[in-house]
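Novice: Quick one: the structure is below, and I'll ask about it shortly.
There are 2 protein chains.
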Amino acid sequence: MAAGNDHQDIKREKILEASHQRFLHYGYSKTTMNEIAGDLSMSKALLYYYFPDKSQLYIAVMRKLANDYLKVLEDHLDTFKNLKEAFVFQINIHHDFIVRNYNFFDFFRLNEQNLPDTIWEIVGQVHSAELTLLSKAVKTEVERGSIKPVENPDELVDLLLDALHGIRVGAVSQKKTNFPRKEHLDEIHDKKLLLIDIFIKGLMY
Amino acid sequence: MAAGNDHQDIKREKILEASHQRFLHYGYSKTTMNEIAGDLSMSKALLYYYFPDKSQLYIAVMRKLANDYLKVLEDHLDTFKNLKEAFVFQINIHHDFIVRNYNFFDFFRLNEQNLPDTIWEIVGQVHSAELTLLSKAVKTEVERGSIKPVENPDELVDLLLDALHGIRVGAVSQKKTNFPRKEHLDEIHDKKLLLIDIFIKGLMY
DNA sequence: TTTTTGATAGTTTTGTTAAAAAAGTCAGGA
DNA sequence: TCCTGACTTTTTTAACAAAACTATCAAAAA
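These protein sequence lines map, in sequence, to chains A and B. Residue numbering for the first sequence follows the numbering used here, starting at 30 and increasing by one per position. Residue numbering for the second sequence follows the numbering used here, starting at 30 and increasing by one per position.
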């Protein structure tokens, strides 16, 4: 019946939350299904009633995180005065997201190569959603007439996202700490702002 | 005596060449000192006469590669008409260098964290040499009057180098092949050119 | 005295196997 | 339909022997 589905969804939600906490604090490999079940005072077998296996559970959490992230972007991205504000908002949200969920992504770093395809799909979805949103912002700006017409906004935004990623990576790999400290975060942020500044100027008449 | 030193240097050079070939084809961990010695028809013990240990040998090869790379940059970087040509030359040389020695750097990728300090020193030296050379090019361009005065050229070039690195990484991590194929190389190159284009325009009046 | 080597000591990697832990299944109860 | 305890299967861990490799050294060769 319909109420049953509601209840199922609520329970799924609870499982996702508990799993998120575990994955966030201890990473994928150091989190056991028993522990998650224990946190929820349910049997491990019940987890398998709701989710087919551990990796699917992880992926479900990840999908939820991705959706939340994109939601924030979508909700705000129409509300900006100019392109720069939009870009700056995007880098702030993105950065927050990565830092807040850093440990969660240990699964990424450890497996590096040969991740399940589903994960790449989610990454791809997020990327193309970002692309769509930001290139919409570019188009709006072109209509406003403050930057030159862009033949291929998607390509342009793609370029910028890659470049921003480079700033992040570069700052982290130079200091050899893996987990960026406060001061690095600020440094990265400043660099990103500078890049966006030059980039946007490069688009102007 | 002096002749002895000459001979030593020649032999060291030979060892470096043979080591380079081995490291290039098989990577650090799959290359044994016996194999290098075998290639040169000498005993393994002799290698230890010329180099203190395996990692020092690897580092010596790397230092040589870095010097060759910087030599090419230094020799050409004064000869360009404008900033863009200089940047384009740099990305071409750099890209060639990385691709040509791809396997050699498996040591990097495998150890990722906790590399010997000496390696970071070399990386740092290369980076700061690039920085110096390119920011000199920026200064020249400012004097020419075709771009706005830059308060901190080093910072600016650092930013660009990080961004370019992001292009490289982004294109590789999206397709999940680790060793970029011909078509990817071209794609990366095109993206870099585009970024440089926008970047330089962003510096103009 | 400098260069070279075979023999060998010391260390790391690899392979094996048994025990422990975790993932995943299922018959049956509420 | 939702849930569980007991069970099976798969993966991880630990211990340890064998093999491979790094590194050393006394002594020979140049």
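Cβ atoms here follow ideal geometry from the backbone N, Cα and C, with glycine treated the same way. Quantities reported herein were computed from a predicted structural model and do not represent experimental measurements.
(1) Using a C-beta to C-beta distance shorter than 7 Å, which residues of chain A count as neighbours of residue 192 of chain B?
(2) With C-beta atoms as the reference, is residue 99 of chain A less than 8 Å away from residue 158 of chain A?
(3) Measure the Cβ-Cβ separation of residue 75 of chain B and residue 89 of chain B and say whether it is below 8 Å.
(4) In terms of alpha-carbon separation, which member of A:163, A:234 and A:73 lies closest to residue 119 of chain A?
(5) Going straight from the alpha carbon of residue 176 of chain A to that of residue 224 of chain A, what length do you get?
(6) Quick one: is residue 13 of chain B near chain A, going by C-beta distance under 8 Å?
(7) Quick check on residue 231 of chain A - is its C-beta less than 8 Å from some C-beta in chain B?
(8) Taking the continuous alpha helix (DSSP H) assigned at residue 172 of chain B, which residues delimit it?
(9) The alpha helix (DSSP H) that contains residue 48 of chain A, what's its start and end?
(10) Compute the beta-carbon to beta-carbon distance between residue 190 of chain A and residue 167 of chain A, rounded to the nearest angstrom, for a pair I have assumed lies under 8 Å.
(11) For residue 116 of chain B, is the classification buried or exposed, using 16 other Cβ atoms within 10 angstroms of its Cβ as the cut-off for buried?
(12) Using a Cβ-based criterion (distance less than 7 Å to any ligand heavy atom), does residue 180 of chain A qualify as near the ligand MG?
(13) From the DSSP output, in three-state form, read off residue 178 of chain B for me.
(14) For a test of the three-state rule: what should DSSP assign to residue 59 of chain A, helix, strand or coil?
(15) Starting from the C-beta of residue 207 of chain A, find all residues in its chain whose C-beta is less than 6 Å away, skip the five residues before and the five after it, and write them out in chain order.
(16) Let me confirm a value: residue 58 of chain B is counted as buried when at least 16 other C-beta atoms fall within 10 Å, else exposed. Which label applies?
(17) Roughly how many angstroms lie between the CA atoms of residue 109 of chain B and residue 145 of chain A, to the nearest whole one?
(18) Along the chain, where does the alpha helix (DSSP H) that runs through residue 96 of chain A open and close?
(19) Could you name the residues of chain B that residue 199 of chain A contacts, counting a contact when the two beta carbons are closer than 7 Å?
(20) Using a Cβ-Cβ cutoff of less than 7 Å, which residues in the same chain neighbour residue 69 of chain B once the five nearest sequence positions on both sides are dropped?
(21) Less than 6 Å between C-beta atoms, sequence neighbours within five positions excluded: which residues of the same chain meet that for residue 86 of chain A?
(22) Check whether chain A comes within 8 Å of residue 214 of chain B, counting only Cβ atoms and requiring the distance to be less than that.
(23) What is the DSSP secondary structure of residue 116 of chain B, reduced to helix, strand or coil?
Specialist: The short version:
(1) 192, 195, 196 and 224
(2) yes
(3) no
(4) A:163
(5) 16 Å
(6) Since the first residue shown for chain B is 30 and the last is 234, residue 13 of chain B is missing from the structure and cannot be characterised.
(7) yes
(8) 146 to 173
(9) 31 to 55
(10) In fact, because the Cβ distance is near 12 Å, the residues do not count as touching under 8 Å.
(11) buried
(12) No copy of the ligand MG appears in this structure; indeed no ligand is present at all.
(13) coil
(14) coil
(15) Here residue 207 of chain A scores only 48 on pLDDT, less than 50, and its place in the model should not be relied on; the value that follows carries that caveat. Counting only Cβ-Cβ distances below 6 Å, and skipping sequence neighbours, we find nothing.
(16) exposed
(17) 47 Å
(18) 83 to 105
(19) 191 and 194
(20) 43, 44 and 47
(21) 48 and 80
(22) no
(23) helix
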